[in-house]
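Peer 1: Take the sequence shown: its position 10, counted from the start at 1, is 10 in UniProt numbering, and no numbers get skipped.
Just dropping this structure here.
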Amino acid sequence: LLLFLLSILTPSSATMFAATGRRKKEKHKRYIMWLSDVHADPYYGTDMQSCSLEYLNETRQNQVGMIGCDPPYTLLEATVHAAAKVAAELGATQCIFSGDYVRHEQQHLIDPESQVPEIINNVTGILSQTFSKLNLGILGNDDSPQDYYLNVTTQK
């Protein structure tokens with residue numbers, strides 16, 4: 001999960017961090033929380049997980065995720081909760097999410113056609129429970145039942 005805190009600068013803005021390295025809210029800046037690349041895996045810790053089965057014992061022991069594997073919802077929940085604290089501290093006025101809700105190798109889900117939208121809905125629910133001002137969500141390349149493929153059936 002990538003997490004960014006964007007600042008919109010005004011001509012009189014100073015730096016975001018003071019010399020001490022502590023966060024500093026500045027009156028001439030506006031902040032936007034930007035989250036990206038969740039890649040939530042509802043099968044994390046099972047033999048259906050997206051990462052190699054050689055890591056199955058480790059993923060079962062690491063309930064909030066591990067490097068090299070698409071994470072479970074628990075890691076997203078913890079990350080979003082921590083991000084919300086920072087956003088509130090700095091007065092972030094908006095939150096955007098720029099895609100890749102769904103795990104890698106989504107074609108190996110039991111039923112990609114129904115599970116991909118379900119995962120997108122679950123991730124959106126977690127984000128919107130914490131960030132009431134989730135202003136924008138964008139689909140990524142892993143957010144279709146087949147990687148990089150959307151079947152457009154209408155021009156409307």
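Virtual Cβ for every residue (Gly too), placed ideally from N, Cα, C.
For residue 65, write down the residues that DSSP places opposite it in a beta bridge.
Peer 2: Note: residue 65 sits in no beta bridge, so no partner.
Peer 1: Flag this pair as yes or no: are the beta carbons of residue 75 and residue 65 separated by less than 7 Å?
Peer 2: Closer than 7 Å, so yes.
Peer 1: Answer with buried or exposed for residue 41, where buried requires no fewer than 16 other C-beta atoms within 10 angstroms of its C-beta.
Peer 2: Looking at its Cβ environment, which holds 16 or more other Cβ atoms inside 10 Å, residue 41 is buried.
Peer 1: With 16 other CB atoms within 10 Å as the buried threshold, where does residue 108 fall?
Peer 2: Exposed.
Peer 1: Rounded to whole angstroms, what is the Cα-Cα separation between residue 53 and residue 128?
Peer 2: So the two alpha carbons sit approximately 32 Å from each other.
Peer 1: Judging by CA-CA distance, which residue of 88, 124, 96 and 153 is the nearest neighbour of residue 35?
Peer 2: For residue 35, the nearest C-alpha among the options comes from 96.
Peer 1: Under the DSSP definition of a beta bridge, which residues are partnered with residue 40?
Peer 2: Paired residues: 102.
Peer 1: Buried or exposed for residue 81, going by 16 or more other Cβ atoms inside 10 Å?
Peer 2: Residue 81 is exposed by the Cβ-count criterion.
Peer 1: Reducing DSSP to helix, strand and coil, say where residue 137 ends up.
Peer 2: Residue 137: strand per DSSP, three-state reduction.
Peer 1: In whole angstroms, what separates the C-alpha of residue 21 from that of residue 86?
Peer 2: Residue placement at residue 21 is flagged as unreliable, the pLDDT there being 48, under the threshold of 50; a coordinate-derived value is accordingly withheld.
Peer 1: Could you tell me which of 61, 126, 73 and 51 sits nearest to residue 105, measuring between CA atoms?
Peer 2: Of the listed residues, the one whose Cα sits closest to residue 105 is 51.
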